[in-house]
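Shown next, in structure tokens, is the structure this report addresses.
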Amino acid sequence: MSSILVKNGLLVLPSGIYKWDVKVIDGVVAEIGSSLSSSGVEEIIDASGLYVFPGVIDEHVHMREPGLEYKDDFEHGSKAAIKGGVTTVIEHPNTLPPVDTAKRLRAKAQ
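Heads up: the sequence shown is residues 13 to 122, going by the numbering used here.
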């Protein structure tokens, strides 16, 4: 079981911004609150002065694959999203050919 405690961060939630800690166990947020115990935690991250988001959704992404990979592709676009804290992307079908049918979407997923 892996466990991480993110301490002293500014946790951004729909209800506001809180100076709370976040405990993650096996990749899942297990507890949030002020001054959480670090007992038994494998890794502690000091997020003082940093914002902590539950996950960012970018609903306007242009991966440009297939057909226009010279502009961007799925691999590089995904890596950039991860680096920015984005956990979910919604891609636009501005590709050649456009990924605008179930058949083309299945082919792209492979």
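Yeah, the Cβ is synthetic: ideal placement off N, Cα and C, and Gly gets one too. From a predicted model like this one, the values you see are computed outputs, not experimental measurements.
query: Express the C-alpha separation of Y30 and G21 in angstroms, rounding to a whole number.; result: 8 Å
query: Put H72 into one of helix, strand or coil per three-state DSSP.; result: strand
query: Assign E77 to buried or exposed, taking buried as 16 or more other Cβ atoms, counted over all protein chains shown, within 10 Å of its Cβ.; result: buried
query: From the DSSP secondary-structure annotation, give me the bridge partner or partners of D33.; result: G45
query: If we call anything under 8 Å between Cβ atoms a contact, is V98 one with D70?; result: yes
query: Cutting at 6 Å between CB atoms, please list the residues of its own chain near Y63, excluding the five before and the five after it.; result: L22 and V24
query: Mind reading off the beta-carbon distance from F86 to M75? Whole number of angstroms is fine, and I expect it under 8 Å.; result: 5 Å
query: For my contact list, S15 and V53 are in at a C-beta cut-off of 8 Å; report their separation, rounded to the angstrom.; result: 5 Å
query: How many whole angstroms separate the CB atoms of E103 and V73, which I take to be in contact at a CB cut-off of 8 Å?; result: 5 Å
query: Give me, in chain order, the residues of the same chain whose beta-carbon lies closer than 6 Å to that of S46; leave out the 5 immediate sequence neighbours on both sides.; result: W32
query: Hey, could you find the ends of the alpha helix (DSSP H) G61 is sitting in?; result: No alpha helix (DSSP H) contains G61, which DSSP labels as neither H nor E.
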